[in-house]
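Protein chains in written order, with the numbering used here: chain V, 24 to 805; chain C, 24 to 805.
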C-alpha cells in the first residue's frame with residue numbers, strides 16, 4: 024500500500040479527478056454501510072433469538088456475525104481505497120512506461136487481493152482459536168463441542184456473506200446505472216467517446232467501476248473464501264466423528280487435523296500468491312495484450328502449482344493415511360488420504376477448465392464472439408438473439424464440468440472431498456483477486472487520462488491493460504461461480520448432516536414444490552436487479568440529456584457538467600434497489616424452513632443452486648461475449664467480405680447488445696454467486712432450529728447399541744412378561760459413554776416397541792432414536 | 024370441416040394466395056414427415072430391442088408407438104388443412120360481416136380442436152381396449168398384467184410426443200425465421216407494412232403461422248393430452264393396488280374405475296367443448312376486441328363448468344367413496360373420493376389463474392407492457408432489458424401457483440390427485456385449441472386481405488380478430504406450460520413407482536450431479552432453437568435484400584418477388600435445425616439411465632422439469648410482452664407526456680424487442696413443454712430396463728409377510744438350532760397367492776439373515792426383497 028502511495032500521483036487535474044472518484048466511491052460506501060448497520064442490528068436480534076431458544080447455538084454467534092460483517096466491509100474498503108489511489112498513478116506511470124503502469128495497477132490489485140485473503144484467514148483463525156478455547160472443554164463429546172464452536176464460526180461467514188450480497192447488488196446497480204446511462208446518451212446519442220469529460224455521468228461511471236468491480240468483487244470473494252473454509256471445517260468435524268466409530272481418532276494436531284487442514288491450505292495459498300505476484304511483470308514498452316496476459320498467467324500458475332505441491336505435503340502430514348468415511352447409502356468405506364489430494368486436484372482442474380470455457384465463450388476472435396459480430400450486421404435484434412444463444416450455450420460445458428467435479432470428488436472422498444476441492448480452488452484467491460482488481464484500476468486510469476486530456480499514447484497503454492482486464496474479469500467470473508457452486512454444495516452437505524435428516528427426497532411433494540420455488544428465486548432476483556439497473560439508467564439518461572440541453576457550452580468544453588448530480592442518482596438508486604433482492608434472499612429460506620421443515624428447505628436450497636448456477640453462467644458469459652463483440656469493431660471486423668468499423672450500423676447494433684449485457688455480467692450475473700452461497704449459509708445457521716441436531720446426530724453415526732430381550736416362558740409353552748434392556752455405547756476420541764433404556768411388558772408389546780425403534784424414528788416413549796442395526800440375544804428364564 | 028369448405032372462398036387472387044400458403048405448408052409438413060419416418064423406424068428398432076430384453080415390455084409397444092406418431096402427424100395435418108382453407112374464407116366473410124368472419128375463423132379452429140382431442144381419445148381408448156383384451160388374461164395378478172398393458176400404451180404417448188417435439192421445434196424455427204426475416208428487411212429497412220405483397224418473405228411468413236402456430240401447437244397439445252391421460256391411468260392402476268392391500272378391490276367397472284376415470288373425463292370434456300363452441304358468437308358488425316374476447320370466454324367457461332360438474336358426478340360414480348392410498352413416508356391413508364374432485368378443482372383453478380397471470384404480464388395496457396413501452400424511449404437496449412425483466416418476474420406467481428398445485432393436489436389425493444388435476448385442466452383441450460387456432464387463421468386472413476389488396480375495412484375486421492388471437496395465444500401458452508408441468512409431474516410419479524426405487528434423494532452425489540445436468544438441458548435446448556432461428560433469419564434477410572436489389576420493379580409492385588425461394592429457405596432451415604435438439608432430448612435420458620441408473624435419471628428428470636418450467640414461462644411471457652409493447656404504438660402511447668406513434672424511435676426500439684421476443688415465444692419457449700414431457704416419458708418407457716420393476720414392486724406395496732422363528736432351547740438355557748419360515752401373502756382383487764421361504768441354522772445365523780432382510784435389501788441368498796414390517800412369534804420347543 025505504501026509503495027503504491029509513493030508513486031507519482033500525476034498533475035493537479037489528474038489528482039483532482041482521482042479525488043472526485045475516491046470521494047464519490049467513499050461517499051457511496053459510507054452511505055451503504057450506514058444502511059447495512061441497520062440490517063446488522065436487526066439480524067443480530069434475530070440471531071440472539073435463535074441462540075436463546077436453541078441449546079446448541081451460543082449467543083457468541085452474534086459477535087462472530089458482527090465481526091464478519093465488519094471484516095467484509097473492511098475488505099471492500101481497503102480494496103477500494105488502494106484502487107482509487109492507484110488509478111491516477113497508473114495513468115502517470117503510463118506516460119513513460121507500460122511495464123511501470125502494469126506494476127502500479129497490478130500492485131493496487133495485489134494490495135486488495137492480499138487484504139481480502141489476509142482478513143479472511145485472520146478472522147477465521149482468530150475466532151476459531153477463541154471459540155475452541157471457549158467450547159472445547161471436555162464436558163460433552165468432542166464432536167458436540169466442536170459443532171457448537173463451528174456453528175458460532177458460521178456466524179462470521181454469515182456476516183461476511185450478508186454484507187457481500189448487498190455490496191455486490193448495490194455496487195452492481197450503481198456501476199451499471201452509471202455506465203449504461205453514460206453510454207446511451209454520451210456514446211450513442213451525442214457521439215462523444217467514453218470517459219469524455221463533457222459527459223456528466225463520466226465520474227459516476229468511474230466511481231461505479233470501483234464500488235462494483237472492486238469493492239463488490241472483493242466482498243464477494245471474501246465471502247466465498249470464508250464460506251468454503253468454514254464448510255470444509257464442518258465436514259472435517261464429521262470426518263473425525265466417522266473415523267472414531269471403530270477406533271478412537273488421534274493425531275498430532277490435538278486430534279483435529281481434518282478440521283485444521285482447510286485453514287492451513289488457505290494460509291499456504293496466501294504465501295504462494297505472494298510469490299506469484301512477484302512474477303507478474305513485463306519488460307518491453309512495446310508489449311501487447313498477449314505479453315501482459317502471459318505475465319498474469321505465469322504468476323497465477325506458479326501460485327497454483329506451489330499451492331498444489333504444498334497441499335500434497337499438508338494432506339500427507341495432517342491427515343491419517345487411511346480414513347473411515349461414511350458414504351450415503353453405502354456405510355463406512357476406507358479412504359486413502361491421497362483421495363483427498365486428488366479431490367483437491369479435481370477442484371483446481373475444474374476451476375481452470377471452467378476458466379478456459381469462459382474465456383472461449385467471451386474472448387475476442389473466438390467463434391462465439393465472431394458469431395455475435397456477424398449477427399450484428401442484420402441489426403440489434405439478431406445481435407441480441409445471438410448473444411443470448413451464446414450465453415445459454417456456454418452453460419453446457421460448465422455444468423458438465425461442475426457435475427463431474429461433484430461426482431468425482433464425492434466418489435474420491437465424500438463430501439469432505441467436495442469441500443477440499445472447493446478449498447483448493449479458493450486457496451489462491453489472493454492472486455485471483457489481484458488479477459481481477461487490476462482491470463478496473465487500469466480502466467479507471469484510462470478514464471483519468473481521457474478526462475485530463477493526456478497524450479493519446481497514455482490511453483493506448485492503459486487500453487492494453489484494460490483489454491486484458493476485460494478478459495481476466497470474465498475469467499474471474501467463471502472462477503467465482505465455480506467456487507460459489509462448490510462452496511454451496513459443501514454447505515449443503517453440512518446442512519444435511521447438521522439437521523440430521525436422512526437425505527432430501529424430491530419424490531415427496533413438499534420437497535418437490537420447494538425445489539420449484541427455489542428454482543424461481545434466482546430468476547426473480549435477476550429480474551429485480553435488471554429492472555433496478557433499467558430504472559436507474561433511465562433516470563441517468565434523463566439527467567444527462569437535461570444537462571446537455573440546459574448547461575450552456577457543455578459540448579464545446581466551456582461549461583462544466585454537474586458530475587455530482589449523476590453520482591447522487593447512482594448512489595440513491597443503488598441503495599434503494601439493493602434492499603428487496605437482499606431481503607428475499609435472506610428471508611425466504613427462513614420462512615420455508617420454519618413452515619415446511621428441514622427437508623423441503625433442502626429442496627429449496629438445491630433449487631436455488633441449480634437454477635442460480637445456470638443463470639449465473641448464462642448472464643456472465645452472454646454479457647462478456649456482447650462486450651467483446653462490440654470491442655471487435657474497434658480493430659475492425661470482416662462482415663460478408665467487407666471490413667466494418669466503429670460507427671457502422673453493425674457497430675451500433677453491437678453497442679446495444681453490450682448495453683443489455685452490462686447488467687447481465689456486472690449486476691445480476693455475479694449476484695447469483697452470493698445468492699446461492701447465502702441461501703445455503705442461512706439454511707446452515709437455522710438448521711439447529713429445524714432439526715435439533717445434537718440429540719439426533721449424536722446417535723446417528725458413532726454409537727454402538729445392543730438390545731437384550733429377556734422373556735419368561737410359561738409351562739404351556741406360551742410366553743409371559745418380557746424385559747428389554749437397550750445399551751448405547753458412544754465412543755468419541757477414546758472417551759466412552761454408556762446410556763441404558765429399559766422397556767417392560769408382554770413380549771408382543773416389548774418387541775413392538777423395540778421394532779418401532781428400528782422402523783419409526785418418532786415413537787414418543789422412546790427418547791433415544793436408533794438408526795443402527797441391533798444385535799439380539801434371547802435367553803430362556805425358567 | 025365441410026361447413027368451412029362450403030363458405031365463399033373469395034376472388035381468384037385470394038384463392039391463389041391461400042393456395043400458395045397451403046402448398047407451402049403441406050410441402051413443409053410432407054418433407055418433415057419424410058424425415059420423421061426415418062426417426063420412427065430407428066426408434067422402433069430401439070423399442071424392439073427393449074421389448075426383446077425386458078420381460079414386462081411387449082413388442083406391441085412398437086405398434087403403439089407408430090400409431091401414436093401417425094395420429095400426432097394426422098392431428099397437426101387436419102388442423103393445418105382446415106386453417107389454410109379457412110383463411111381466405113375468413114377474409115371473404117370479413118368483407119361484409121365481422122360476426123361471420125369470427126364464425127368462419129373460429130369454425131376452422133373448432134375443427135382443429137375437436138380433431139386433436141377426438142384423435143387422442145379415439146387412439147387411447149381403442150388401443151387400451153385392444154391391450155386389455157391381450158394382456159388382462161388372469162395369468163398373473165391384475166396389477167402386473169395391467170402394468171404391461173399400460174406400458175404398451177405408453178408407446179402411443181411416446182410416439183405422439185416425439186412427433187410433437189419435432190413439429191414444435193421445426194415449426195417454430197420455420198415460422199420465426201420467416202417472420203423475423205420478413206420484419207427486419209420489410210418493416211424496418213424498407214418501411215413497407217406487414218404482409219405487403221412486395222415482401223418476398225410474406226408467403227413464407229404466412230405459411231409459418233400455419234406450420235408453427237397451428238400444426239405445432241396441435242401436435243403439442245395432442246401430446247400433452249395423451250400423456251396426461253396415460254399418466255393418470257398408470258397412477259390409477261397403483262391406486263387399485265394400494266386399495267387392494269387390506270380388502271380386495273371391486274367396483275362396477277370390471278374393477279378398474281380409477282383407471283378408466285381419466286379417459287372418461289377426457290371424453291366428457293370433448294362433449295362440453297362442443298357445447299361451448301356453439302356459444303362463441305357475436306352479434307354486431309361494430310364489435311370490438313372486448314366483445315370477441317367475451318364471446319370466447321363465455322364458450323370457454325361454459326365448457327369448463329360443464330366438465331367440472333360432470334367430473335363431480337363421474338368421480339362420485341366411478342370411484343369408491345373411501346380409498347386407501349399409500350402416501351410416501353406416511354403409509355396408508357384413507358382418502359375420500361371427494362378429495363379427488365377437489366384435486367381436479369385445483370387443476371382447473373391453477374390453469375385458470377396461470378392464464379390470468381400470463382394475461383397480466385403480456386396484455387396491452389397492463390403495467391408490465393407499459394413499463395417496456397416507457398423503456399423504449401431510451402432505445403432498444405433499455406427495451407430489451409425491461410422485456411427480459413418482465414419475463415423473469417412473471418415466473419414468480421406462476422411458480423408459486425404451480426408449487427401450490429403440486430402440494431395441494433398431493434395432500435388431497437396423492438399422485439393420483441396430481442394426475443387428476445392435470446387431467447381436469449386438459450379436459451377442455453378441444454375448446455382451448457379452438458380458441459388458440461382461430462388466432463393464426465385470422466392472422467392469415469389479414470395477410471390474404473393485405474396481399475389481395477382488399478378494402479382496408481376487411482383488414483380492420485381481421486385485425487380485431489387477430490389482436491384477440493394474440494392475447495389468447497399468450498394465455499394458451501400459459502395453459503400449455505401449466506398442463507405440461509403437471510403432466511410431467513404425474514409422469515415423474517409414475518416413473519418412480521415403475522422403477523420401484525424408494526425415492527429420489529438429491530443428497531446422493533450422482534443424483535445431485537444429474538439434477539444439475541438436467542437443469543442445463545432446457546437452456547441448451549433454448550440456445551440451439553434461438554441460434555437456429557437467428558441463422559435462418561439471417562439467410563432470409565440476405566435473400567430478401569438480394570431480391571429487393573436484383574428484381575426490377577419489386578418495390579413499385581410491377582416485379583413479382585420469388586416467394587418460393589423464401590419458403591424453401593425456411594423449410595430447409597427448419598428441417599436441418601430441428602434434429603439436434605430433438606436428439607438431445609431423447610438420447611440424454613437414455614444415456615443417463617443406462618450409465619448411472621434409475622435414481623440419477625430421476626434427478627435428471629427433476630432438473631429438466633424445474634429449469635424447463637422456468638425458462639418456458641420466462642421466454643413465453645417476455646416474448647408476449649415485447650409483442651404487445653410494440654403493438655401499443657399502433658394506437659399511440661404517452662411517453663414522458665408526449666404521444667408517441669408508429670415510426671418513432673421508441674417504436675423502432677420496440678420492434679427490435681419484438682424481434683428478439685419472436686423466437687422466445689414461438690420457438691424455444693413453447694418447445695420447453697414438450698422437452699419436459701418427453702424427458703419424463705422416455706424415462707417411463709425405459710424404466711423397466713433400469714428397475715426390473717415387476718419383481719420389486721410386486722413386493723413393495725400390497726404384500727403381507729409373516730415371519731415365524733422356531734428355536735430349540737437346550738437344557739442349560741442356551742439356544743440350539745432354529746428355523747425361520749417366511750410366508751408372503753399377496754392379495755390383489757380377491758386373488759390370494761402364497762409364497763414360502765425357509766431359513767435354517769443357529770439362532771444367531773437365522774436372526775441375522777432375517778434381520779438383514781429388513782435392513783439390507785441386497786442379501787444374496789434371499790430372493791424376495793422385504794420392505795414391510797414383519798410380525799414375529801417365538802415359540803418354545805421342548
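Where a beta carbon is used, it is the ideal one built from N, C-alpha and C, also for glycine. Here the structure is a predicted model, which is why all the values come from computation and not from measurement.
Closer than 9 Å between beta carbons: that is the criterion. Which residues of the segment 514-543 of chain C meet it against chain V? Listed by position along the chain: 515, 516, 519, 524, 525, 526, 527, 528, 529, 530, 531, 532, 533, 534, 535, 536, 537, 538, 539, 540, 541, 542 and 543.
Grab the span of the alpha helix (DSSP H) containing residue 657/V for me, first residue to last. As a working mapping, residue 657/V is identified with position 634 in the first chain. Membership of residue 657/V in the alpha helix (DSSP H) is indicated by the continuous run 621-658.
For residue 38/V, which residues in chain C fall below 7 Å Cβ to Cβ? Numbered from 1 along the first chain, position 15 holds the residue referred to as residue 38/V. Here the premise fails: no neighbours, minimum Cβ distance about 35 Å.
So, using beta-carbon positions, are residue 467/V and residue 278/V closer together than 8 Å? Numbered from its first residue, the first chain carries residue 467/V at position 444. Numbered from its first residue, the first chain carries residue 278/V at position 255. Cβ atoms of residue 467/V and residue 278/V: not closer than 8 Å.
What is the rounded straight-line gap between the Cα of residue 121/C and the Cα of residue 478/C? In the second chain, the residue the question calls residue 121/C occupies position 98. In the second chain, the residue the question calls residue 478/C occupies position 455. When rounded, the distance between both Cα atoms is 14 Å.
Same chain, Cβ closer than 8 Å to residue 704/C, five either side skipped, listed in chain order: The count along the second chain starts at 1 and reaches residue 704/C at position 681. Short of 8 Å from the beta carbon of residue 704/C, and not among the five residues preceding or following it, lie these beta carbons of its own chain, in chain order: 177, 180, 181, 184, 250 and 514.
Pairwise C-alpha distance: residue 447/V and residue 615/C: On the second chain, position 592 is the one that residue 615/C refers to. On the first chain, position 424 is the one that residue 447/V refers to. About 29 Å.
Top-ranked residue by Cα proximity to residue 112/V, from 30/V, 437/V, 403/V and 257/V: Start at 1 with the first residue of the first chain, and residue 112/V comes out as number 89. Measuring from the Cα of residue 112/V, the nearest candidate turns out to be 30/V.
At the 8 Å Cβ level, is residue 686/C part of the contact set with chain V, yes or no? Locating residue 686/C in the second chain gives position 663, counting from the first residue. Among the residues facing chain V, residue 686/C is included, as its CB has a counterpart in that chain under 8 Å away.
What are the boundary residues of the beta strand (DSSP E) that includes residue 350/V? As a working note, residue 350/V is residue 327 in the first chain. DSSP places residue 350/V in the uninterrupted beta strand (DSSP E) bounded by 345-350.
Could you compute how far the alpha carbon of residue 200/V sits from the alpha carbon of residue 207/V? Against the first chain, residue 200/V aligns to sequence position 177. Against the first chain, residue 207/V aligns to sequence position 184. Per the coordinates, the alpha-carbon of residue 200/V lies some 11 Å from the alpha-carbon of residue 207/V.
Just verifying my parser: in three-state terms, what is the DSSP assignment at residue 537/C? Residue numbering aside, residue 537/C sits at position 514 when the second chain is read from its first letter. Of the three classes helix, strand and coil, the one that applies to residue 537/C here is helix, per DSSP.
For a cutoff of 8 Å on Cβ pairs, would you count residue 506/C as touching chain V? Residue mapping note: residue 506/C aligns to position 483 of the second chain, counting from 1. Residue 506/C does not count as touching chain V.
Interface residues of chain C facing residue 198/V [CB-CB closer than 7 Å]: Translated into the one-based positions of the first chain, residue 198/V becomes position 175. Close to residue 198/V, with beta-carbon spacing below 7 Å, lies no residue of chain C; the smallest spacing is near 15 Å.
Take residue 246/C and list the residues in its own chain whose beta-carbon comes closer than 6 Å to its own, dropping the five residues that flank it on each side. Taking the first residue of the second chain as 1, we reach residue 246/C at position 223. Answer for residue 246/C: 183, 184 and 187, listed in chain order.
What are the residues in the segment 661-691 of chain C lying within 7 Å of chain V by C-beta distance? Those residues of the segment 661-691 of chain C that come within reach of chain V (Cβ to Cβ, closer than 7 Å) are 679, 682, 683 and 686.
Taking the alpha-carbon positions, what's the residue 174/C to residue 654/V distance? Walking along the second chain from the start, residue 174/C turns up at place 151. Walking along the first chain from the start, residue 654/V turns up at place 631. Rounded to whole angstroms, residue 174/C to residue 654/V spans 56 Å at the Cα level.
Looking at the structure shown, is residue 766/V part of a helix, part of a strand, or coil, going by DSSP? As a first step, residue 766/V is located in the first chain; it is residue number 743 there, counting from the start. When secondary structure is reduced to three states using DSSP, residue 766/V falls in the strand class.
Whole angstroms is fine: what's the gap from residue 373/C's alpha carbon to residue 428/C's? Residue mapping note: residue 373/C aligns to position 350 of the second chain, counting from 1. Residue mapping note: residue 428/C aligns to position 405 of the second chain, counting from 1. The C-alpha of residue 373/C lies about 7 Å from the C-alpha of residue 428/C.
If we call anything under 8 Å between Cβ atoms a contact, is residue 629/C one with residue 541/C? For this step, residue 629/C is matched to residue 606 along the second chain. For this step, residue 541/C is matched to residue 518 along the second chain. In contact: residue 629/C and residue 541/C (Cβ atoms closer than 8 Å).
Just the Cα atoms here: how many angstroms apart are residue 696/V and residue 243/V? Along the first chain, read from residue 1 onward, the residue named residue 696/V stands at position 673. Along the first chain, read from residue 1 onward, the residue named residue 243/V stands at position 220. Each residue's alpha carbon lies about 8 Å from the other.
Along chain V, in chain order, which residues have C-beta atoms closer than 7 Å to that of residue 561/C? For the purposes of this step, residue 561/C is taken as residue 538 along the second chain, with counting starting at 1. Under the 7 Å cutoff, chain V gives 398, 401 and 405.
Excluding the five sequence neighbours on either side, which residues of its own chain have a C-beta within less than 6 Å of the C-beta of residue 159/C, listed in chain order? Looking up residue 159/C in the second chain gives position 136. The beta carbon of residue 159/C sits closer than 6 Å to those of 168, all from its chain and outside the five residues before and after it, given in chain order.
Between which two residues does the alpha helix (DSSP H) holding residue 593/C run? Indexing the second chain from 1 puts residue 593/C at position 570. From DSSP, the alpha helix (DSSP H) with residue 593/C extends over 586-600.
So, residue 672/C versus residue 473/C, is the Cβ gap smaller than 8 Å? As a working mapping, residue 672/C is identified with position 649 in the second chain. As a working mapping, residue 473/C is identified with position 450 in the second chain. The answer is no: Cβ separation not under 8 Å.
Rounding to the nearest angstrom, what Cα-Cα distance links residue 623/C and residue 107/V in this structure? Residue 623/C sits at position 600 when you count from the first residue of the second chain. Residue 107/V sits at position 84 when you count from the first residue of the first chain. Residue 623/C and residue 107/V: Cα-Cα distance of roughly 50 Å.
For chain C, check one thing: does any of its Cβ atoms lie closer than 8 Å to the Cβ of residue 647/V? In the first chain, the residue the question calls residue 647/V occupies position 624. No, its Cβ sits nowhere closer than 8 Å to a Cβ of chain C.
Count the other CB atoms within 10 Å of the CB of residue 539/V; is the residue buried (16 or more) or exposed (fewer)? The residue given as residue 539/V occupies position 516 in the first chain. Counting the other CB atoms within 10 Å of its CB gives residue 539/V a total of 16 or more, which places it among the buried residues.
Exposed unless 16 or more other CB atoms sit within 10 angstroms - verdict on residue 149/C: Looking up residue 149/C in the second chain gives position 126. So residue 149/C counts as exposed.
Assumed close pair residue 397/V, residue 662/V - CB separation to whole angstroms, cut-off 8 Å: By one-based count along the first chain, residue 397/V stands at place 374. By one-based count along the first chain, residue 662/V stands at place 639. Residue 662/V and residue 397/V do touch by the CB rule: their CB atoms are close to 6 Å apart, below 8 Å.
Excluding the 5 residues flanking residue 235/C on each side, which residues of the same chain have their C-beta closer than 7 Å to its C-beta? Position 212 of the second chain, counted from the first residue, corresponds to residue 235/C. Once the five neighbours on either side are set aside, the close Cβ partners of residue 235/C are 194, 195, 197, 198 and 689.
If you draw a straight line from the alpha carbon of residue 430/C to that of residue 371/C, how long is it in whole angstroms? For the purposes of this step, residue 430/C is taken as the residue at position 407 of the second chain. For the purposes of this step, residue 371/C is taken as the residue at position 348 of the second chain. Rounded to whole angstroms, the separation of the alpha carbons of residue 371/C and residue 430/C is 15 Å.
What's the C-alpha gap between residue 561/C and residue 400/V? Translated into positions along the second chain, residue 561/C becomes position 538. Translated into positions along the first chain, residue 400/V becomes position 377. Between residue 561/C and residue 400/V, the C-alpha separation is close to 9 Å.
Taking contact to mean 3 or more Cβ pairs, one atom from each stretch, closer than 8 Å, check whether the segment 596-613 of chain C and the segment 632-650 of chain C are in contact. Under the 8 Å Cβ criterion, the segment 596-613 of chain C does not count as touching the segment 632-650 of chain C, having fewer than three qualifying pairs.
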